[in-house]
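Engineer: Residue numbers (the numbering used here): 13 to 435.
Where is the CB? At the ideal position from N, CA and C, for every residue including glycine.
Starting off with a structure, shown below.
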Amino acid sequence: MNIFYFSYFSPPLLNVGANRSRRFSEYLAHSGHNVVVFREGRSHRFAHINQAIKTGTDTMVDSIAVASWDIDWCWKWPTIIHKQCYRLRHWRSPERDGDIAKRYWLMDLHWGWIVPTLKAAMKKSRTVKPDVIVVSCPPFSSALIGMYLSQWLKVPLVLDFRDAWSQASYFVDNKAFNNEKRILEQADALVVTSTADHDAYQRLYPDKLIRYVPNSYDYILDHVSDNHDVLTIGYSGTWDGFRRSAKGIFSQLAQCDFPIRFINIGDIQPEMMSLIHEHQLDDVVKMIASQPKAQLNEILAQCDVLFIQKGMPDEGKTDTHLATKAIDYVASGKPILAELPEGETLSFLRKYATQLFEVSVNQPQQYYQQLHELYRLWKENKLQVILPSSEFYSCYSCEKLAHDFTQVLEDVTAYKFAESIKT
């Protein structure tokens with residue numbers, strides 16, 4: 013098959029979506045398919061910090077960098093004015109910049125990628141006629157590229173929904189629902205990463221091919237920490253999605269009267285640094301910029317405990333998003349400190365994690381007790397790596413899930429071919 017794979021977040025960008033796209037595109041290429049990946053070409057806050065790796069993709073994959081239009085000025089000025097109106101009343105805007113921008117400028121901050129990518133794809137289609145189009149989302153605007161190309165080139169469209177869609181538990185803004193409905197009418201298949209999303213979209217679109225293909229673990233942390241001086245808790249990822257907040261863990265760390273360290277690997281935001289200073293944790297929290305997955309796992313391997321956190325979902329909903337880091341954490345066999353609402357991620361950890369310590373900001377005493385218990389186990393050298401069941405490894409291996417993803421594309425193209433013969 014000739015596959016046009018649109019993934020705004022692709023290597024060298026360091027992002028969960030980038031890792032997923034890399035795994036699938038490389039598997040497809042090694043399976044004999046011709047894969048053309050279209051990715052963002054501009055510098056970005058998720059940019060690869062190691063310039064020695066030029067693209068981060070397999071040489072068998074044709075990776076085309078397409079630079080977005082510079083639309084930052086379009087949303088920055090309305091956002092500044094919006095926030096200034098709050099300041100005039102001595103209030104603080106409760107919304108993140110991205111949410112404010114969506115009020116004024118379409119569906120997300122990345123729509124500047126649509127037109128340049130459509131042009132690049134149409135030009136490429138003159139030499140490589142795609143048999144199927146794949147779009148990784150978010151950003152939501154990328155789905156429009158797939159929708160238009162599918163119509164123009166008369167080829168099937170497969171959408172890889174990761175999160176932030178209308179049925180997700182952290183979506184809130186339903187303005188994009190009509191766009192989503194229009195895009196799904198054009199799509200031939202929808203891939204989702206959680207069972208809750210699978211069930212929700214199957215109810216909404218009973219005639220649509222909906223497949224559940226979660227994220228996989230990339231590496232097993234097969235060695236234990238060599239740190240013997242201080243209990244070390246590790247966290248990987250950003251803090252600006254899913255209503256995440258480090259306030260709960262930081263307020264607890266500030267009260268600890270025993271040696272403890274918190275390593276944060278991910279995008280370093282000014283708000284995060286302010287929170288560290290506010291809780292006087294400059295000597296406790298170590299900030300490390302985003303890392304390629306191999307280096308990230310080497311750092312996590314040196315941690316005694318792995319931390320995961322999410323805020324509360326939309327009112328009346330449970331968490332429908334299975335966090336990718338939860339899969340990597342379980343694969344490591346290390347103790348997991350989980351500050352999570354009820355829902356998909358917590359249920360997953362309860363099923364597969366071998367050492368789970370649940371905490372809640374609403375129960376600060378219990379939170380502190382769990383931290384103290386982890387310290388006691390560490391001091392007595394009882395924090396061990398206990399690997400999960402073979403069922404987990406078979407269900408969430410990258411080879412198995414990449415095969416499942418490939419099967420979706422093959423099913424869609426086979427169905428389209430059969431339909432074309434009938435007509």
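(1) In this structure, does DSSP put L318 in helix, strand or coil?
(2) Can you have a look at N62 and say buried or exposed, based on whether 16 or more other CB atoms are within 10 angstroms of its CB?
(3) If I measure Cβ to Cβ from A79 and keep anything under 8 Å in the same chain, skipping five residues before and after, which residues do I get?
(4) Could you give the residue range of the beta strand (DSSP E) that holds S248?
(5) Check M72 in the structure and name its three-state DSSP category.
(6) Whole angstroms is fine: what's the gap from R138's alpha carbon to Y17's?
(7) Between the Cα of Q194 and the Cα atoms of L171, W123, A365, which residue gives the shortest distance?
(8) Identify which residue in D316, E197, V296, G253 has its Cα closest to the Cα of Y160.
(9) So, F270 versus V297, is the Cβ gap smaller than 8 Å?
(10) Smallest Cα separation from D209: which of G249, F173, K135?
(11) For the beta strand (DSSP E) that L221 lies in, which residues bound it at each end?
(12) Opposite K298 in the DSSP bridges: which residues?
(13) What residue does the beta strand (DSSP E) around N227 start on, and which one ends it?
(14) Kindly indicate which three-state DSSP category V144 falls into: helix, strand or coil?
(15) From N14 to V48, what distance separates their C-alpha atoms?
(16) How do the segment 247-264 and the segment 310-327 stand: do at least 3 beta-carbon pairs fall below 8 Å, yes or no?
(17) According to DSSP, which residues form a beta bridge with D209?
(18) Could you tell me whether the segment 364-377 touches the segment 301-314, where touching means 3 or more Cβ pairs closer than 8 Å?
(19) Report the rounded CA-to-CA distance for P168 versus L399, giving the unit in angstroms.
(20) By the three-class DSSP mapping on this structure, what secondary structure does Q267 have?
(21) Scan the segment 360-395 and note each continuous beta strand (DSSP E) run of 3 residues or more that stays entirely inside, going in chain order.
(22) Short check: CB of T336 to CB of V28, under 8 Å?
(23) Cutting at 8 Å between CB atoms, please list the residues of its own chain near P376, excluding the five before and the five after it.
(24) Apart from the five residues just before and just after Y213, which ones in its own chain have a Cβ nearer than 7 Å to its Cβ?
(25) Would you kindly check if the distance between the Cβ of P142 and the Cβ of L165 is under 8 Å?
(26) So what's N14 in DSSP terms, helix, strand or just coil?
(27) May I ask which residues mark the beginning and end of the beta strand (DSSP E) holding R51?
(28) Just confirm the distance between the C-beta atoms of V1 and L361, as a whole number of angstroms; I'd bet it's less than 8 Å.
(29) Sorted by chain position, which residues of the same chain lie with C-beta nearer than 6 Å to V225's C-beta, five sequence neighbours on each side aside?
(30) With H, G and I counted as helix, E and B as strand and the rest as coil, what does DSSP make of V170?
(31) Looking only at DSSP bridge pairs, what is D331 linked to?
(32) Where does L399 fall in DSSP's three states?
(33) Measure the alpha-carbon distance for A452 versus L100 and round it to whole angstroms.
(34) Based on Cα-Cα distance, which residue from R34, Q314, P325 lies nearest to S344?
(35) What I want to know is whether the C-beta of Y427 ends up closer than 7 Å to one or more non-hydrogen atoms of the ligand PLP.
Structural biologist: So, to answer that:
(1) DSSP places L318 in strand when its eight states are reduced to three.
(2) Residue placement at N62 is poorly supported in this model, since its pLDDT is 43, which falls under 50; the coordinates still yield a value, given next. When all chains shown are included, N62 counts as exposed.
(3) Taken in chain order, the residues that qualify are E52, G53, R54, P128.
(4) Annotation for S248: the continuous beta strand (DSSP E) segment containing it runs 243-248.
(5) Here M72 sits in coil by DSSP.
(6) Separation of R138 and Y17 (C-alpha to C-alpha, rounded to the nearest whole angstrom) is 16 Å.
(7) It should be noted that the sequence gives Arg, not Gln, for residue 194. Ranked by Cα distance from R194, the first of L171, W123, A365 is L171.
(8) The residue with the shortest Cα to Cα distance from Y160 is E197.
(9) With contacts defined by Cβ atoms closer than 8 Å, F270 and V297 do not form a contacting pair.
(10) The candidate whose alpha carbon is nearest that of D209 is F173.
(11) Looking at the DSSP string, the run of the beta strand (DSSP E) that includes L221 is 221-224.
(12) In DSSP, K298 forms a bridge with I275.
(13) First-last for N227: undefined, no H or E at that position.
(14) Residue state, collapsed to three classes: strand.
(15) Cα to Cα, the separation comes out at about 8 Å.
(16) Result yes; three or more Cβ-Cβ pairs closer than 8 Å.
(17) Partner(s): none; D209 has no beta bridge.
(18) No, the segment 364-377 does not touch the segment 301-314.
(19) Here the alpha carbons of L399 and P168 stand approximately 41 Å from one another.
(20) When DSSP states are grouped into helix, strand and coil, Q267 belongs to the coil group.
(21) Considered as a whole, the segment 360-395 harbours 368-370 as its complete beta strand (DSSP E) runs of no fewer than 3 residues, in chain order.
(22) For T336 and V28, yes; Cβs fall inside 8 Å.
(23) Within the same chain, Cβ atoms closer than 8 Å to the Cβ of P376 are found at S263, Q264, the five residues on either side in sequence being excluded.
(24) Spatial neighbours of Y213 in its own chain (CB-CB distance under 7 Å, excluding positions within 5 residues in sequence) are listed in chain order as Q179, L202, V204, I222.
(25) Their beta carbons are under 8 Å apart, which means L165 touches P142 by this criterion.
(26) It is a strand residue.
(27) In the DSSP assignment, R51 falls within the unbroken beta strand (DSSP E) covering 46-52.
(28) What the structure shows of the chain is the stretch from 13 to 435, and residue 1 is not part of that stretch, so it cannot be assessed.
(29) The answer, listed in chain order, is V203, L413, D416, F417.
(30) The answer is strand: DSSP assigns V170 an E or B state.
(31) Partner(s): G355.
(32) In the structure shown, L399 sits in coil (DSSP, three-state: anything other than H, G, I, E or B).
(33) No answer is possible for residue 452: the residues shown for the chain start at 13 and end at 435.
(34) Ranking R34, Q314, P325 by CA distance to the CA of S344 puts Q314 first.
(35) Because no ligand of any kind appears in the structure shown, any question about the ligand PLP cannot be addressed here.
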